[in-house]
Structure formats: C-alpha cells, structure tokens
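Trainee: Quick one: the structure is below, questions incoming.
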Amino acid sequence: MNPSIPLTSGTDLVPSARQEGTAVIAAIRGEIDLHNSPELRTAMLDVLLRGDPKKLILNLDQVPYMDSSAVAVLVEALQKLRRVGGKVFLTNLQPRVKGLLEIARLDTIFIVVKDEAEALSK
Amino acid sequence: MAFGFVSGLSPFDPATPVNSPTAPPFRPIDPARRLELHLASHTVELSHARKAIEQFAASQGFDETAQAQIGLCVNEAMANVIRHAYSGVTGKPILVIAETPVAPGAVENEPGPVLKITVRDWGNGQNPAELPPKPYNPLEPGGVGLICLRGLMNEVTYTPQPDGMLLTMLKRK
C-alpha cells in the first residue's frame, strides 16, 4: 500500500489533498462560481504541480453547487492529466453538480465513481 | 445588492388581456409575483442573486429541480454580462427582474404558468446568440453558460437595446 502524503492547498476550497503513489486525492468544498473559481483554479494547478499525478480523484461531496466557471477548472485539470496519459475521477457528486455536468455533456468525459475507494481501485 | 418583492408596471399582468382594446396597456402586477434585483457587475453578487431568484421561484411553486435550473441560468446570464458585456469592469448596473404572469393568456400564446426573468445590462451590446456558431466541444473552454440557458429554460431571447442588452428567459412549470 502506498503511503499517504498530505499536500497543502492554501485555500478552504480544497480542505484536504494527499498523494498516494501516482494518485492525488483532493476534496473540494463550497459553492463555487465565478467569484471563487479563480481561487480554486490556483489551488488545483498547485496541487497538480506538486503531486504530478497520473490519477486525480476529486471528492465533491461538499460541493452543493458549481457553475460553468468551476466546470472550466475541472476541464483544465482534465486536459493536463490527459496530456500525461492520466485520468480524472469525480466522486460523491451532489444533484446540482451532476445536473450541470450532464447538460455540459461532461458526465461521460470525467470518470464519475461512487467514492474514493472505487476510484483508487480502477 | 438591493432587492425585494416590489410592485411595478408590467405588460404581463394576468388581469389584463394583452390585446384588450379597452384596457390600459399596463397595470401593476401583484407584488408577490415580482422580484426586482438591482445589482452591480461584481462576481460577489452572483450567489446573492442566484439565491434570491431560487427563493422567488420556490415561492411561485417551482420544484427543487426547477429552482436549481433557474438559479444556475441567472448565475450564468449574469456571469456573461460581467465577463463579456462589461469586460470585467466592476460597479456597472445589472437589473434582474423575475415575475410570474400565471394566468393563461397573460402572455400571448402562453398556455399556463410561466416564470419570466429578464437580465438587463448597459454594456457593449454584444449579442451572445449571434456569436459565430461552432460545434460544442465539452473539452474546450467557453460555451457552457449558453448551453445551460438553452437547455434548461424554455425560451431564451436576446433583444439588443440602444444602450446595452436585454435577455429574456421563460421557464414553464
């Protein structure tokens, strides 16, 4: 089993992030719109830079709402992972977030799984 | 942000048939069915406006799913105004009005309950509906806001104004 190495994000929007082998597991928290999505973007890019993962697992359990600017942050992360042959998993989607991803036709582009354990096992 | 349930003048007062030759063209709409938000072009206003509109939609009997869709669309419409119409300049006016002309026939060809939302800006007048069409690619940035509006609202109309833009969205129950 890989050791878990904490990664600090410097923002409450990403209250926890850790590295397990080539995977980075991060939790996102809060309602995210154009007001705070730039902060989320900075945090995500920082976590990706330091963790250099092949697998990014984002736990959205504490994200009751996001708008298209937050989706753009997720897509940017996905593009970065794809360039190195990596994958992005989204877990614990709340109904509003799920609805937005569906209408943006992104629900089949990200890998949506039940929880972190399922993402780690894939 | 200044907002509240206010009375106002509207051509959509259900008590007055729109095409009645004898009735005055405008009559005050029931204050309980109209919400007016006077906002500034700042991203901090997005969540305030979204929550106020969702609360209003709930008060008009729209279910939780519809409330979320309506709130998201107002969020996206306002974000477009802030980013594009005002090019990120803060402190510019945005007027959001929500109202429910509920009576059948209150809106021409409108058979039943409907929530009408207008978003008025005094920006550069760019009409998002007239941007060059390109196939939507989920992996390219941009376009999701307009996809939401068109996919979640029943009607979306941009009407250029001499000094900006008026977006009208209709959501039926």
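Each protein sequence line maps, in turn, to chains A and S.
Residues in the first sequence are numbered consecutively from 197, following the numbering used here.
Residues in the second sequence are numbered consecutively from -11, following the numbering used here.
Ideal Cβ placement from N, Cα and C applies to all residues, glycine included.
1. How many angstroms separate the CA atom of S/T88 from the CA atom of A/M262?
2. Mind the definition here: the segment 47 to 60 of chain S touches the segment 110 to 121 of chain S only if three or more C-beta pairs lie below 8 Å; say whether that holds.
3. Quick check on this structure: which residue in A/G217, A/L252, A/R279 has the alpha carbon closest to the alpha carbon of A/I224?
4. Output, in chain order, the set of chain A residues within a Cβ distance shorter than 7 Å of S/E42.
5. Within 8 Å, do at least three Cβ pairs link the segment 203 to 212 of chain A to the segment 233 to 253 of chain A?
6. Considering only residues of the same chain and omitting the five flanking positions on each side of S/R38, which have a CB-CB separation below 7 Å?
7. Can A/A273 and A/L244 be called in contact, C-beta distance under 8 Å?
8. Check whether the Cβ atoms of A/L230 and S/I82 sit closer than 8 Å, and answer yes or no.
9. For A/S200, count neighbouring Cβ atoms within 10 angstroms of its own Cβ and tell me buried if that reaches 16, exposed if not.
10. Can you list, in chain order, the residues of its chain with a C-beta nearer than 7 Å to that of A/Q290? Leave out the 5 residues immediately preceding and following it.
11. Cα-Cα, which of S/H30, S/M157, S/T156, S/L127 is closest to S/T78?
12. Only counting the same chain, and skipping five residues up and downstream in sequence, which positions put a Cβ closer than 6 Å to that of A/A266?
13. Below 8 Å between beta carbons: does that hold for A/P249 and A/V220?
14. Are the C-beta atoms of A/N275 and some chain S residue less than 8 Å apart?
15. So that I know if they touch, is there some Cβ in chain A lying closer than 8 Å to that of S/I70?
16. Can S/N142 and S/L158 be called in contact, C-beta distance under 8 Å?
17. Do S/N115 and S/Y146 have their C-beta atoms closer together than 8 Å?
18. Along the chain, which unbroken stretches of the beta strand (DSSP E) at least 3 residues long are found entirely within the segment 37 to 119 of chain S?
19. Which residues in chain A sit within 9 Å of S/G76, going by Cβ to Cβ distance?
20. If I measure Cβ to Cβ from A/D311 and keep anything under 7 Å in the same chain, skipping five residues before and after, which residues do I get?
Mentor: Reading off the structure:
1. 26 Å
2. no
3. A/L252
4. Simply none; closest approach about 10 Å.
5. yes
6. G59, V62, N63
7. yes
8. no
9. exposed
10. L256, V259, P260
11. S/H30
12. I228, S233
13. yes
14. Going by the sequence as given, residue 275 of chain A is Gln instead of Asn. True, the Cβ-Cβ gap to chain S drops below 8 Å.
15. yes
16. yes
17. yes
18. 81 to 87, 102 to 109
19. Per Cβ cutoff of 9 Å: no residues; S/G76 is ~10 Å from chain A at best.
20. T287, N288
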